[in-house]
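*Asks:* Residue numbers (the numbering used here), protein chains in the order written: chain A, 3 to 399; chain B, 3 to 399; chain C, 3 to 399; chain D, 3 to 399.
Please see the structure below; I have some questions.
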């Protein structure tokens with residue numbers, strides 16, 4: 003039976019709004035009781051906007067407030083460790099936004115803090131919880147695509163809305179840290195959490211913005227099974243927010259689109275003076291809004307899993323350990339971008355072993371069957387290889 | 003502040019499952035306490051499936067059970083009046099699935115029963131609450147498409163899953179009553195609830211199934227403003243469930259797709275042995291599942307509005323009066339299909355008056371401007387009409 | 003073996019450009035040798051643009067010019083009869099743009115003129131020749147969708163580019179005559195050319211533009227087989243040119259999109275100063291250009307069929323008789339819009355007879371099988387009807 | 003003025019069929035007069051199928067046949083050099099299918115052969131000629147997307163239809179050589195032919211098929227301007243043929259889909275016993291045929307450009323030099339897959355120099371403007387950086 007939870011919300015920016023909208027949006031059991039903001043003005047406005055009884059500019063006070071049992075961290079990356087350490091010390095459940103940390107080293111300290119304190123900890127990786135992703139993962143686990151061979155995850159938009167994201171010291175990097183963390187965990191979810199990420203090849207560059215951090219990056223991630231993940235992230239994309247995932251398996255294919263082409267298309271000649279969708283660039287012409295963003299972006303299912311897990315005494319689908327793995331992979335990305343070669347992923351692995359993708363060899367007439375297809379006229383055609391001579395031949399059978 | 007509600011769920015078929023999944027699915031305040039089924043076996047299974055404390059085969063007992071304050075009617079159409087009359091007598095809030103009744107006359111009696119008893123009554127028209135529809139309605143109200151000229155609503159699938167739907171006596175008709183009721187209310191929502199539906203032209207036929215009721219129908223609905231609604235319903239569609247709405251206005255266009263093309267595409271070579279989506283016809287080849295069906299079909303937002311309205315002492319967005327209007331329009335559809343001409347919609351109108359769509363006349367050089375466009379080479383071209391001579395001309399300006 | 007043809011092109015507007023671009027665009031055998039324009043200036047410009055040796059403002063001279071064997075009519079509707087009569091008298095092959103005439107009466111005179119003269123005559127209904135339509139028709143004829151039940155054809159855009167279209171006297175009507183003629187013939191092609199169109203129900207209105215002719219219309223066309231066609235035409239659509247066809251059959255479904263969503267999507271922040279696609283409304287934001295318009299709109303395959311038919315001494319797929327049938331259906335549309343009821347289609351029918359759509363009745367255990375489906379858990383469920391008692395029941399088998 | 007050409011078609015497999023269908027398909031000037039096949043049986047069938055007067059199993063005879071002025075090479079990769087050398091010696095124009103050769107070294111010898119002989123030579127890279135690509139390239143050149151930053155080209159399907167493709171010795175490799183050659187040239191076309199490809203990072207693996215050659219590969223290509231190309235090729239994709247290109251620029255975005263989602267969607271319950279589209283995997287369920295494959299795949303525009311160039315004495319858009327560059331890039335891919343690091347592209351560069359992508363720096367109040375956006379409430383927000391202190395700030399102005 004679900005138990006109501008009372009929450010200290012740390013951070014009152016865009017993510018704090020999305021989280022609170024989700025938690026308080028629709029007849030839910032759980033409520034935000036305390037808000038923390040670095041700024042008096044934003045704190046007061048946030049508390050007013052969401053009807054939150056208490057707010058403060060003291061991080062410690064917010065975390066330790068007696069009215070709450072759970073701390074949600076929606077702060078800039080450089081403040082995660084401090085906030086989580088306080089929450090662990092206060093013995094409260096703690097849910098932290100992505101990325102968990104700026105580096106794997108920092109993430110490992112955070113992980114140790116909550117594990118030592120024995121508190122419940124959940125990694126708020128919303129995009130692994132989108133309704134489409136959840137159903138697609140179910141299909142993949144049920145064998146609908148066979149063995150997973152390749153996963154592409156793409157997140158690109160014109161750049162984040164707050165100053166600290168652009169400051170590599172506070173954020174820990176650029177588009178990789180901001181967007182790649184989502185992609186890495188989506189890729190891991192489809193490739194299998196038990197499938198060890200082994201090495202990484204990454205390109206990054208600063209192509210457009212006048213910053214030090216990367217505004218574009220692409221990476222390949224190799225898994226123990228032989229599967230390959232591929233992410234593309236950008237802060238220079240034009241046209242809105244592009245959130246797409248693709249999975250190729252031995253028996254099937256999955257294409258997910260979370261934002262720009264999801265069945266809502268609107269042309270408007272006048273400006274309709276208002277919010278269209280996250281990162282939309284225009285309010286005229288053809289627009290592609292999203293129905294219910296907090297649901298489509300996974301926030302609803304994410305918090306449900308977190309609090310259900312807390313009530314049930316089980317781990318959520320996304321744990322701080324997952325957050326740590328993501329940081330370890332991103333660290334390898336930065337090393338690879340520097341060294342210009344594949345780099346091993348260094349991490350304390352807890353996920354067991356995975357067998358290589360199966361390559362069945364089928365025979366026909368003593369020869370290896372390379373391909374078996376039905377021709378338009380109904381005849382069956384085999385492409386065969388003689389392993390002794392190395393010769394290939396077409397044969398109609 | 004939201005108050006928790008306890009519900010008597012009447013009916014344990016597909017719709018009862020969808021409703022209960024929605025109400026109890028995700029950390030909600032409200033719960034089903036009592037279930038009613040006509041069958042012992044289905045009642046017990048349903049209560050077990052959803053962890054519902056009480057169940058019964060007595061309609062009266064279920065309605066009057068002291069543990070509940072709200073009655074949800076998910077029964078065959080011919081049982082709505084009886085159930086709602088009992089709920090009204092018990093002084094409980096009552097929410098009724100679509101259609102409200104089999105005819106406008108029956109709907110009017112139902113409406114009077116709840117109004118006389120003074121109980122809260124909500125019409126469970128889920129498709130007016132899909133997240134896309136809610137956002138699109140907001141855009142339309144904000145003027146994004148200008149004056150609405152035309153609304154198309156289409157719902158087609160291979161036919162319903164329970165026997166009573168096919169029995170015209172119990173259902174009150176065929177595809178019009180089953181699916182057209184959704185379309186009519188979607189059309190009214192976009193055309194404006196205050197925009198009086200004036201007359202109807204309808205074609206219906208039984209093209210495929212061995213039944214008396216119609217398995218296909220198309221209707222046009224004319225509104226006081228001059229706007230036209232168009233619905234297409236079918237129980238013979240192949241390929242899944244097709245749920246699309248289109249709106250054309252003087253300043254813009256909206257296209258909504260709720261099911262088959264919403265950003266989730268899967269190819270699977272093997273059968274993945276399981277549920278793909280409501281009314282999906284296959285479990286191989288290219289499939290188009292929907293992420294979270296109860297959310298995409300509007301159930302989540304619908305119940306939130308219902309209980310929020312109840313708590314706030316306001317009317318929900320979909321009332322029993324709306325249900326009555328829908329029945330009045332469907333009655334006119336059946337009359338028109340019979341008479342083979344436009345038929346007036348007979349109803350007790352409470353919605354006020356709507357002005358006709360505005361046709362501005364603009365002049366240039368004393369002539370009426372018919373069209374004003376920019377040519378590919380940048381020149382501006384006018385099409386002009388001389389109202390005296392009736393002559394039309396092209397003019398580059 | 004294909005024979006080269008030399009063409010007199012009558013008309014130098016948008017359609018003349020499209021036709022000539024098609025004929026001379028890509029290493030073709032056939033060429034325009036003579037152009038006729040009502041205006042000196044446009045004639046000269048056109049001849050220059052397309053490298054055409056002769057041009058004139060005399061219709062007679064253009065038709066009778068000794069260098070050509072074929073006359074292509076791309077003139078305003080009120081000039082078709084005169085031009086075709088001249089071509090027939092000159093003994094030349096004649097190809098006429100859509101619609102053939104302004105009324106069935108005029109079309110019948112035109113038809114008689116070419117039949118009496120014994121000249122080859124082709125009806126230039128390009129949209130029945132789009133590559134997608136051709137392939138879809140092949141699939142329908144091969145049985146891929148079973149019996150055709152319903153065909154929707156939609157053509158809407160913000161209105162035509164030349165003054166004469168808006169002048170009901172010259173054009174013969176508004177959006178029905180301009181766009182409905184395409185839809186009617188697409189519907190006939192899918193429903194079957196041998197399937198007699200029996201009656202029509204039509205709504206039309208002038209909702210936006212300051213003209214007498216209709217700028218919006220919807221019609222239903224009933225065929226002898228029981229199949230229903232539905233067209234939607236508009237000169238007030240916002241967002242480009244919407245060209246979509248949908249076919250529903252007993253065994254399948256076809257959806258064709260010819261313009262706005264065909265796999266070419268472009269976002270541009272700046273104006274790219276140029277032609278995007280026919281009737282595109284903007285050159286910024288999300289745009290949906292079409293690759294090769296003359297190919298996608300069917301012009302290429304249409305002229306190929308016309309000249310191949312001429313060479314082979316056979317009829318083209320679209321004949322003047324087809325044009326006449328289209329006019330007869332449109333005449334009935336106008337009558338129905340006036341009388342506000344179904345109107346019979348009056349025409350000299352040459353197409354034979356078509357059997358009604360087959361409604362097979364299957365039995366199980368002496369009962370009629372209404373539906374037969376596999377449940378998610380793998381069990382098979384029948385919905386059965388007892389024809390004696392009229393009772394329906396669900397049965398798991 | 004276009005001159006008719008007479009062609010020796012070398013090769014009678016799938017590609018020979020596609021080429022001949024294109025050349026003879028629609029009232030074209032040019033014709034195949036001679037066919038060469040390695041097999042008597044296939045040669046005779048081919049000549050019969052396409053009504054070709056002469057056919058032979060002698061390569062030399064086919065090339066030197068006096069009836070032809072142009073040789074089209076549609077042979078396995080290991081026969082290109084021999085065929086082209088013969089054609090050059092015969093002084094005939096020669097058009098060669100992709101890839102030009104198996105290695106850059108072989109390509110360079112081929113290039114030298116035609117250049118030394120002074121014959122016209124065209125590289126038959128059809129996918130750079132699809133109507134969508136041609137129009138998209140025009141838009142890119144007109145500045146619609148600003149500076150090109152990133153190009154993705156993806157070609158994946160379940161594997162080729164003839165034995166020799168699978169034989170690395172004959173083909174020169176696997177999916178990279180078969181499919182990557184298309185992608186590389188598409189990428190170059192969008193990035194700019196004058197934009198030198200500098201280095202390559204490539205992953206390849208044999209994940210599914212029992213062969214030595216790669217069945218999957220991904221590569222990044224870095225250009226002198228800083229732009230990055232990305233290709234994904236696979237012979238293990240399930241669901242048909244996936245042909246998509248994406249371009250991101252500083253001012254815009256382009257998404258092209260050439261096959262599976264191009265506006266033709268069909269559901270069929272029965273098998274329709276026939277050809278659906280190249281590499282389609284099924285003839286039931288949801289299918290996505292392509293209207294006119296030879297047009298959509300670029301064959302029509304490709305041959306038009308080739309023969310028009312020949313007539314005009316100019317170079318075609320795709321030359322043997324382009325084919326050589328493609329081979330050089332693919333060679334670097336194989337080296338990189340081996341060395342597991344970025345590898346330089348070794349080639350004789352004829353394309354000139356390209357400036358780096360421009361990174362404008364804009365100032366506000368002495369600070370660097372990082373982002374400039376309009377908030378939903380209409381206020382303007384700047385993200386600014388103080389270059390002295392390194393601090394970032396949000397400012398509402």
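Beta carbons: idealized from backbone N, C-alpha and C, even for Gly.
This one's a predicted model, so the numbers in the text were calculated from it and none came from an experiment.
Which residue from B:71, B:79 and B:85 puts its Cα closest to that of residue 59 of chain B?
*Replies:* Measuring from the Cα of residue 59 of chain B, the nearest candidate turns out to be B:85.
*Asks:* According to DSSP, is residue 405 of chain D part of a helix, a strand, or is it coil?
*Replies:* Because chain D is modelled from 3 through 399, residue 405 of chain D falls outside the range shown and cannot be assessed.
*Asks:* Taking its Cβ as the centre, do 16 or more other Cβ atoms sit within 10 Å of residue 289 of chain D, making it buried, or is it exposed?
*Replies:* The residue in question, residue 289 of chain D, is buried, as its Cβ has 16 or more Cβ neighbours within 10 Å.
*Asks:* Can you pull the DSSP bridge partners for residue 204 of chain B?
*Replies:* Answer is B:221, bridged to residue 204 of chain B.
*Asks:* Go through the stretch 8-83 of chain B residue by residue and report every complete run of the beta strand (DSSP E) that reaches 3 residues or more, in order.
*Replies:* Listed in chain order, the complete beta strand (DSSP E) runs (minimum 3 residues) inside the stretch 8-83 of chain B are 8-12, 33-38, 56-58 and 72-75.
*Asks:* Distance check for residue 66 of chain A and residue 56 of chain A, CA to CA, integer angstroms please.
*Replies:* Between residue 56 of chain A and residue 66 of chain A, the C-alpha separation is close to 12 Å.
*Asks:* Between residue 212 of chain A and residue 393 of chain D, how many whole angstroms is the CB-CB distance? I'm expecting something under 8 Å.
*Replies:* 14 Å between Cβ atoms; not a contact.
*Asks:* Taking the straight line between their C-alpha atoms, what separation do you get for residue 328 of chain C and residue 61 of chain C?
*Replies:* So the alpha carbons of these two residues sit roughly 26 Å apart.
*Asks:* Mind the definition here: the stretch 226-239 of chain D touches the stretch 255-262 of chain D only if three or more C-beta pairs lie below 8 Å; say whether that holds.
*Replies:* At 8 Å Cβ cutoff, the stretches do not touch.
*Asks:* So for residue 274 of chain B, helix, strand or coil by DSSP?
*Replies:* Residue placement at residue 274 of chain B is flagged as unreliable, the pLDDT there being 48, under the threshold of 50; a coordinate-derived value is accordingly withheld.
*Asks:* Looking at residue 301 of chain B: is its Cβ nearer than 9 Å to the Cβ of residue 128 of chain B?
*Replies:* In this structure, residue 128 of chain B lies closer than 9 Å to residue 301 of chain B by Cβ.
*Asks:* Counting contacts by CB-CB distance shorter than 9 Å, is residue 133 of chain A in contact with chain B?
*Replies:* True, the Cβ-Cβ gap to chain B drops below 9 Å.
*Asks:* Residue 350 of chain A: which of A:379, A:38, A:111 and A:29 sits nearest, CA to CA?
*Replies:* Nearest of A:379, A:38, A:111 and A:29 to residue 350 of chain A, Cα basis: A:111.
*Asks:* Would you tell me roughly how many angstroms separate the C-alpha atoms of residue 345 of chain C and residue 334 of chain C, rounded to the nearest one?
*Replies:* Roughly 6 Å between the two C-alpha positions.
*Asks:* At a CB distance below 7 Å, what residues from the stretch 230-253 of chain C approach chain A? Give them in sequence order.
*Replies:* So the close ones are 240 and 241.
*Asks:* Please list, in chain order, the chain C residues whose beta carbon lies closer than 9 Å to that of residue 271 of chain A.
*Replies:* Ordered by position in chain C, the residues that pass the 9 Å Cβ test against residue 271 of chain A are 240, 241, 283 and 284.
*Asks:* Who are the near neighbours of residue 82 of chain D in its chain, counting only those whose CB is closer than 7 Å to its CB and skipping five residues on each side?
*Replies:* 75, 98, 102, 103 and 112.
*Asks:* Could you check the C-alpha separation between residue 239 of chain D and residue 250 of chain A for me, to the nearest Å?
*Replies:* If you take the alpha carbons of residue 239 of chain D and residue 250 of chain A, they lie about 7 Å apart.
*Asks:* Let me see if you follow: with CB-CB separation under 9 Å, is residue 188 of chain C close to chain B or not?
*Replies:* No, because no Cβ of chain B sits closer than 9 Å to the Cβ of residue 188 of chain C.
*Asks:* Less than 9 Å between the beta carbons of residue 324 of chain D and residue 21 of chain D, yes or no?
*Replies:* Result no, Cβ atoms of residue 324 of chain D and residue 21 of chain D do not sit closer than 9 Å.
*Asks:* Within the 9 Å Cβ cut-off, does residue 260 of chain B reach chain A?
*Replies:* Yes, contact with chain A.
*Asks:* With distances taken from CA atoms, which of C:78, C:227, C:293 and C:294 is nearest residue 192 of chain C?
*Replies:* That would be C:227, whose Cα lies nearest to the Cα of residue 192 of chain C.
*Asks:* Whole angstroms is fine: what's the gap from residue 133 of chain C's alpha carbon to residue 381 of chain C's?
*Replies:* Their backbone Cα atoms lie some 43 Å apart in a straight line.
*Asks:* Residues of chain D with CB closer than 7 Å to the CB of residue 211 of chain A, please, in chain order.
*Replies:* Those are 372, listed as they occur along chain D.
*Asks:* Along chain C, which residues have their Cβ under 7 Å away from the Cβ of residue 18 of chain A?
*Replies:* In chain order: nothing, as chain C lies at least about 30 Å away.
*Asks:* Can you give me, in chain order, the residues of the stretch 27-44 of chain B that have a beta carbon less than 7 Å from any beta carbon in chain D?
*Replies:* For the stretch 27-44 of chain B, which is checked against every Cβ of chain D, not one residue is closer than 7 Å.
*Asks:* What three-state label does DSSP hand residue 166 of chain C in the structure shown?
*Replies:* Reduced to three states, the DSSP call for residue 166 of chain C is helix.
*Asks:* For residue 133 of chain D, which three-state DSSP category applies?
*Replies:* Note: residue 133 of chain D maps to helix in three-state DSSP.
*Asks:* For a test of the three-state rule: what should DSSP assign to residue 269 of chain B, helix, strand or coil?
*Replies:* DSSP places residue 269 of chain B in strand when its eight states are reduced to three.
*Asks:* Helix, strand or coil: how does DSSP classify residue 387 of chain C here?
*Replies:* Residue 387 of chain C: strand per DSSP, three-state reduction.
*Asks:* Within 10 angstroms of the Cβ of residue 48 of chain C, are there 16 or more other Cβ atoms? Answer buried if so, exposed if not.
*Replies:* It counts as buried.
*Asks:* Is the stretch 17-32 of chain C close to the stretch 27-46 of chain D, with three or more CB pairs under 8 Å?
*Replies:* These segments touch.
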